[in-house]
């Protein structure tokens, strides 16, 4: 969307100006983020991730390196709360892509399929590299 100065979604704001109250029209845009996973507690999302990441579904998707995902996910209990929060977006992307691949049979082009899977790493604030 168009940005006017530091104001995001300017065109959308102007198009809906007559149906919005001033505080909503003028407020800063806020992203929606998922709640962080709760290690050591009953967390349905974390349980789903564990089930999917341990299954063949992760092996069948062509984008992420399954072994690297599993290794990083297994290190989750050792992460600090800030580290877990930093990794949540990654977990949600891997989970979403894996489930979409399984549900919709997504395929990749021959050129992309010839590339290696995406490898990622995470270095903890302490300087210790997880992957």
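Numbering (the UniProt record's numbering), first residue to last: 1 to 131.
Just so you know, even glycine gets a beta-carbon here, dropped at the ideal spot from N, CA and C.
For residue 67, the uninterrupted alpha helix (DSSP H) segment begins and ends at 66 to 74.
Pairing residue 58 with residue 52 gives a Cβ-Cβ distance under 8 Å. DSSP places residue 102 in the helix class (H, G or I) of the three-state scheme. With contacts defined by Cβ atoms closer than 8 Å, residue 87 and residue 79 form a contacting pair.
Here the C-alpha atom of residue 20 lies approximately 38 Å from the C-alpha atom of residue 98.
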